[in-house]
Amino acid sequence: MTAARRRRLRVFITGASSGIGAALAREYAARGAILGLLGRRADALHALPFSADHHIYAVDVTDHATLAAAAADFIAREGGADIVIASAGVSAGTLTERPDDLSRFAEIFAINVTATVATFAPFVETMKRREVDDRGPRRLVAIGSVAGIRGMKGAGAYCASKSAVHTYAESLRLELQPHGIRVVTIAPGYIDTPMTRQNRFPMPFLMPVDRFAAAAARAIDAGTSYRVIPWPMGVVAKVLRLLPNVLFDALFAHAPTKSGKVAP
Numbered sequence: 692m693t694a695a696r697r698r699r700l701r702v703f704i705t706g707a708s709s710g711i712g713a714a715l716a717r718e719y720a721a722r723g724a725i726l727g728l729l730g731r732r733a734d735a736l737h738a739l740p741f742s743a744d745h746h747i748y749a750v751d752v753t754d755h756a757t758l759a760a761a762a763a764d765f766i767a768r769e770g771g772a773d774i775v776i777a778s779a780g781v782s783a784g785t786l787t788e789r790p791d792d793l794s795r796f797a798e799i800f801a802i803n804v805t806a807t808v809a810t811f812a813p814f815v816e817t818m819k820r821r822e823v824d825d826r827g828p829r830r831l832v833a834i835g836s837v838a839g840i841r842g843m844k845g846a847g848a849y850c851a852s853k854s855a856v857h858t859y860a861e862s863l864r865l866e867l868q869p870h871g872i873r874v875v876t877i878a879p880g881y882i883d884t885p886m887t888r889q890n891r892f893p894m895p896f897l898m899p900v901d902r903f904a905a906a907a908a909r910a911i912d913a914g915t916s917y918r919v920i921p922w923p924m925g926v927v928a929k930v931l932r933l934l935p936n937v938l939f940d941a942l943f944a945h946a947p948t949k950s951g952k953v954a955p
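Residue numbers (the numbering used here): 692 to 955.
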C-alpha cells in the first residue's frame with residue numbers, strides 16, 4: 692500500500708443504502724475517501740458516488756457473522772478503517788399492549804442497538820494496533836437521535852433504542868479513551884430522510900440530509916464526543932433533559948404519535 696493511499700481516509704458506513712448513511716457516503720466520497728458501504732439493498736449502494744476504490748457489501752446488519760466478514764474484508768483490503776459509522780437504523784410507532792408489537796420492539800433494538808455493537812466490534816483491535824506514527828483519525832461514530840433524550844408516546848421502542856445507543860457509546864468512549872480512539876455520538880434532530888417522511892406531525896428545524904452530513908463530518912473530524920444536529924435541536928434537547936416529569940408529562944401527553952410502519 693503506497694504512502695499516498697494511506698493518507699486517504701478509509702471510512703466504513705452501515706445503513707449506507709438510504710437516508711443519513713447515504714448522505715454520509717456522498718460527503719466522504721466528495722472528500723476523496725475510500726469507502727466501505729454496507730446496506731441491505733445492493734442497487735441503492737451501487738447508485739451512490741462510486742469508484743474502483745470503494746467496496747460494496749449488501750448485508751443485513753442483524754446478520755452479525757456476515758457483517759463481521761464484510762468488516763474483515765474491508766480491513767484486509769485497506770489495512771483498517773479511520774472512521775467507522777454505525778448508521779443503520781429503523782423507526783416505527785409501537786404500543787406495549789399490542790401483542791404484535793413485541794416482535795417490532797425486538798427488531799428495532801436488533802437494528803438500532805445490537806447492530807451498532809456488531810459494527811464496531813471487528814474494528815476495535817485493529818484501531819488499537821495502529822502504528823504510533825500513523826497520525827490518521829481513529830473514530831467510531833454512533834448515530835443516535837434526539838428521540839433518545841426523553842420518551843415520547845407511541846415511540847417507546849425507537850426512543851429507548853436511541854437512548855441505549857447514547858449510553859452504550861458513552862461506555863465505549865471511556866473504554867477506548869486510553870487508546871486514543873474517539874467515540875463520537877451524533878444525535879440528529881429532524882432530518883429530511885425517508886424515515887422522517889413517515890411522520891404525521893410538524894417537525895421543527897427540519898434539515899436537508901446533505902447539510903446534516905456535512906455538519907456531522909465536521910463533528911467527526913473534531914472528535915466531538917456528543918453533538919446534536921441541527922444546533923437549535925441541541926437547545927431543545929437540553930431543555931427537555933431539565934424538565935421535571937410533571938411538566939414534561941403535561942406538555943407531551945397529547946402529542947401526536949409515530950406511524951406504526953417500520954421506516955428504514
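Just so it is clear, CB atoms sit at the ideal spot from N, CA and C, and this is done for glycine as well.
As the structure is a prediction and not an experimental result, all values here were calculated from the model.
Contact under 8 angstroms by Cβ, residue i with residue j
i    : j    : result
I802 : T753 : yes
P921 : S709 : no
G914 : R830 : yes
I834 : P899 : no
T875 : V832 : It is worth fixing the name first, because residue 875 is Val in this sequence and not Thr. Contact: yes.
L700 : I766 : no
D901 : R732 : no
A855 : V919 : no
L736 : A707 : yes
R795 : T785 : yes
H746 : G727 : yes
A783 : Y881 : no
Counted within 10 angstroms of its Cβ, other Cβ atoms place residue i as buried (16 or more) or exposed
i    : result
M894 : exposed
K853 : buried
E769 : buried
A738 : exposed
V937 : exposed
L865 : exposed
L897 : exposed
L793 : exposed
T787 : exposed
H870 : exposed
S862 : exposed
S982 : Any answer about residue 982 is impossible in this case: the structure gives the chain only from 692 up to 955.
P923 : exposed
V926 : exposed
Option in the options with minimal Cα separation from residue i
i    : options                : result
I776 : G839, T787, T810       : T810
F892 : A946, F765, G780       : A946
A714 : P740, Y881, R698       : P740
R909 : L934, A707, G839, R722 : R722
F800 : G780, V874, A812       : G780
K819 : T876, G771, A860       : G771
A907 : S778, I766, A749       : S778
I872 : V815, I882, Y881, P923 : V815
A762 : F703, C850, L867       : F703
L931 : P923, I840, G847, A851 : I840
N890 : G925, D912, S916, G845 : G845
Q868 : S916, A851, I882, Y881 : S916
P813 : D764, D883, V926, A904 : D764
T705 : R821, Y748, G827, F939 : Y748
P828 : A756, M843, I911, A905 : I911
Assigned secondary structure, residue i (DSSP; H/G/I helix, E/B strand, else coil)
i    : result
S916 : coil
H746 : strand
T858 : helix
R696 : For R696, the pLDDT reaches just 47, beneath the cut-off of 50, and the residue's location in the model is therefore unreliable, leaving the point undetermined.
T884 : coil
S852 : helix
P869 : helix
A720 : helix
P923 : helix
S782 : strand
A904 : helix
A846 : strand
V752 : coil
R841 : coil
R830 : strand
Enclosing alpha helix (DSSP H) for residue i [first to last residue]
i    : result
G727 : First-last for G727: 725-730, but that is the beta strand (DSSP E), not the alpha helix (DSSP H).
V937 : 936-943
Residue interval of the beta strand (DSSP E) (run including residue i)
i    : result
A809 : First-last for A809: 806-819, but that is the alpha helix (DSSP H), not the beta strand (DSSP E).
I877 : 873-879
F703 : 701-705
I776 : 774-777
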